[in-house]
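With the working numbering, letter number 321 in the sequence shown gets 323, and the count goes up by one each step, no holes.
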Amino acid sequence: MSGFWKRVRYFDLYLTKPRPEKIMRMIVLLLSMLIPAASLAAMLVAIDVPPLEGANINQQFGTDPKQAFMPKKALNSPRAPVFQIHASDPDTQPLPYYRIAPDTYFFFGNIAEVDGINRGFNGNAGFVVTRDGVLVLDALGTPYLGRRMIATIRKVTKKPIRYLVISHAHPDHYYGASAFASIPGIRIISHAGTEAYAYSTTIERSVGYRKVFLPAEMRNFRAVVPDILIGGGNPSHLVIKLGGKTFEIYDTGFHHSHGDLVMWQKEDRILWISDLAFNGRVTYIGDGHLHEIGAMQDWVLKQFPNVAMMVPGHGAPQTPPFSMVASTRRYVDTLTETMRAAIKQGQSLQDAVRLAGIREFETWPLYDLNHWINANFVYRTLEEELF
Ligand SMILES: [Zn+2]
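Here it is in structure tokens:
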């Protein structure tokens, strides 16, 4: 569907539900149609789906509040925090956060699947304060958490929030973005794949699932369609100069999702790698492209030889030599070789997956949640390549 027709479809929503906030957006939309080069505000796609029936809200791999723990420092912390989010807390209440460099702040998520305890704070996000405003990287897992991120930023600085970069469209990084979309003047940047996902039917199922756990926090959820899209490979990139800092945002293909970005915070030599490597948990690769993981890790290490700190989407930020990149790689390579050998030996998918345990990672968080799905995915990928 062309951009024009998307806008027309969006326009219809306003005609059927004329609320003041929507009328305001309609005016902005009309202006942006008149000035096609300038997309004046991020658009939102209405996703009005009920919670899925029959889902179990007691997640096996959720957060255990009895293990509550907050590390003193985030950088190189051997453990991720374990903490509870209470939906009854007002959305004006700041979230726990860390300062990981002079102007750089970090939201350190639980390592767990989404449940009624972590309430969607099971990934990382961060923000950078510059002379002329704030750039935010990722938005956590619900509009409510997005509003609490904004409250946290307001506690740190009164400077305007100028940019939100969405590293990829997985819920734990993206669904809080609708809270940011109403900030005047904000520009929302993402991979072109995020836009495609916002208009897909897949998102409806994902939102319905999340509403089972978090009905209040997901109320009025709208999928954000970014203002600025990065895509097209090579990797293509965008450079933002803001208040004396340079942010280079690169398309890193589809290694993990519908479209993935990394961000280089140049002067501070901080590389936000999102889910290109996981620190202290097993990755999930069921939405990505298997061979791009290693290829993009190689590219990043070559492109940015003097990184002082890498910030992943899950687990602690790290200083060199970036053992999380090596361990994620080792996991993916070992699994790939195991499944390749199984196919060669003529094992069925079921047998190959059953026998695909990797001892080194058995005790890693989220192994049992993700490993067997990953094994299944890798087998099918390799099989398709062979035949
Ligand atoms: Zn993630």
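Glycine included, C-beta positions come from ideal geometry on N, C-alpha and C. Since this is a predicted model, take the numbers as computed values, not measurements.
### Message
For ligand 1, I want to know if ASP174 counts as a neighbour, meaning its beta carbon is within less than 7 Å of at least one of the ligand's heavy atoms.
### Response
Between ligand 1 and ASP174, a heavy atom-to-CB distance of less than 7 Å is present.
### Message
Just to confirm the assignment, what range does the beta strand (DSSP E) spanning LYS243 have?
### Response
Residues 239-244.
### Task
Counting only runs of 3+ residues fully inside the stretch 280-336, write out the beta strand (DSSP E) ranges in chain order.
For the stretch 280-336, the continuous beta strand (DSSP E) assignments of 3+ residues that do not extend past its boundaries occur at 311-314, in sequence order.
#### Entry: Straight-line Cα distance separating VAL226 from SER180
Answer to the nearest angstrom: the Cα atoms are 6 Å apart.
### Query
Heavy atom of ligand 1 less than 7 Å from the Cβ of HIS1, yes or no?
This structure gives no information on residue 1, because the portion of the chain shown stretches from 3 to 389.
### Query
For ASN376, does the three-state DSSP call read helix, strand or coil?
Here ASN376 carries a helix assignment [DSSP, helix/strand/coil].
### Query
Should ILE251 and VAL313 be called a contact, given that it needs their Cβ atoms to be closer than 8 Å?
Contact flag unset, no.
### Three-way DSSP call (helix, strand, coil) for SER391 in this model
Outside the displayed span of the chain (3 to 389) sits residue 391, for which this structure offers no information.
### Query
In three-state terms, what does DSSP make of ALA57?
Note that ALA57 has pLDDT 44, beneath the 50 cutoff, so the model's placement of it is unreliable and no number is given.
### Message
I need the DSSP call for GLN86, collapsed to helix, strand or coil.
### Response
Coil.
### Query
Could you give the residue range of the alpha helix (DSSP H) that holds VAL355?
Per DSSP, VAL355 is one residue of the alpha helix (DSSP H) stretching across 351-356.
### Query
Is any heavy atom of ligand 1 found at a distance shorter than 7 Å from the C-beta of GLY290?
No; taking the cut-off as 7 Å, the Cβ of GLY290 has no heavy atom of ligand 1 nearer than that.
### Rounded Cβ spacing between PRO73 and ARG150 (contact assumed at less than 8 Å)
Under the criterion of beta carbons closer than 8 Å, PRO73 and ARG150 do not qualify as touching, at roughly 20 Å.
### Message
Can you check which of these residues, ILE87, GLU115, LEU46, GLN69, is closest to GLN61 by C-alpha distance?
### Response
Considering only alpha carbons, the answer is GLU115.
#### Entry: Close Cβ partners of ALA153 (< 8 Å) along its chain, the five nearest in sequence each way excluded
Excluding positions up to five away in sequence, the list reads ASP93, THR94, GLN95, PRO96, LEU97.
### Message
Considering Cα atoms alone, identify which of GLY187, PHE223, GLN69 is closest to ASP134.
### Response
The residue with the shortest Cα to Cα distance from ASP134 is GLY187.
### Query
For THR248, which of helix, strand or coil comes out of DSSP?
Looking at THR248 - three-state DSSP - the assignment turns out to be strand.
### Task
From the DSSP output, in three-state form, read off ARG361 for me.
Judged by DSSP in its simplified three-state form, ARG361 adopts helix.
### Message
What does the Cβ neighbour count give for ASN281, buried or exposed, with the cut at 16 atoms within 10 Å?
### Response
Buried, by the Cβ-count rule.
### Message
Looking only at its chain, what residues have a beta carbon closer than 6 Å to the beta carbon of PRO237, apart from the 5 residues adjacent to it on each side?
### Response
Within the same chain, PRO237 has close Cβ partners TYR252, ASP253, THR254.
### Message
In whole angstroms, give me the CA-to-CA distance for HIS316 and MET45.
### Response
Taking the straight line from one Cα to the other gives about 28 Å.
### Message
Please tell me whether, using a cut-off of 7 Å, the distance from the CB of GLY125 to the nearest non-hydrogen atom of ligand 3 is below it.
### Response
Ligands in the displayed structure: ligand 1; ligand 3 is not one of them.
### Query
Just to confirm, does ASP262 get its C-beta within under 7 Å of one of the non-hydrogen atoms of ligand 1?
The answer is no for ASP262.
### Query
Counting pairs of Cβ atoms below 8 Å between the stretch 341-354 and the stretch 102-111, do you hit three or more?
In this structure the stretch 341-354 does not touch the stretch 102-111; the number of beta carbon pairs closer than 8 Å is below three.
### Message
Please tell me whether, using a cut-off of 7 Å, the distance from the CB of ASP105 to the nearest non-hydrogen atom of ligand 1 is below it.
### Response
False, no ligand heavy atom lies under 7 Å from that Cβ.
### Task
Classify GLY235 as buried or exposed, calling it buried when 16 or more other Cβ atoms lie within 10 Å of its own Cβ.
GLY235 is exposed by the Cβ-count criterion.
### Message
ligand 1 and ASP117: does the residue's C-beta get closer than 7 Å to at least one heavy atom of that ligand?
### Response
No; taking the cut-off as 7 Å, the Cβ of ASP117 has no heavy atom of ligand 1 nearer than that.
### With 16 other Cβ atoms within 10 Å as the buried cut-off, status of HIS88
By the 10 Å Cβ count, HIS88 comes out exposed.
### DSSP state of ASP277 mapped onto helix, strand, coil
Reduced to three states, the DSSP call for ASP277 is coil.
### Query
Taking buried to mean at least 16 other C-beta atoms within 10 Å of its own C-beta, is GLN267 buried or exposed?
A residue is called buried once 16 or more other Cβ atoms fall within 10 Å of its Cβ, and GLN267 is buried on that count.
#### Entry: Beta-carbon spacing of LEU216, GLY122 below 8 Å
Closer than 8 Å, so yes.
#### Entry: ARG101 - DSSP class collapsed to helix/strand/coil
Per DSSP, reduced to three states, the secondary structure at ARG101 is strand.
### Message
I'd like the list of long-range same chain contacts for PHE129, defined as Cβ closer than 6 Å, with 5 residues on each side in sequence excluded.
### Response
TYR107, VAL136, VAL138, ILE155.
### Query
Does the beta carbon of ASP402 fall short of 7 Å from some heavy atom of ligand 1?
Residue 402 cannot be examined here, being either before or after the span of the chain that is shown, 3 to 389.
### Message
Rounded to the nearest angstrom, what separates SER325 and GLY178 at their Cα positions?
### Response
Looking at the two C-alpha atoms, the distance is approximately 30 Å.
### Task
May I ask you to report which of helix, strand or coil DSSP gives TYR369?
The DSSP-derived three-state label of TYR369 is helix.
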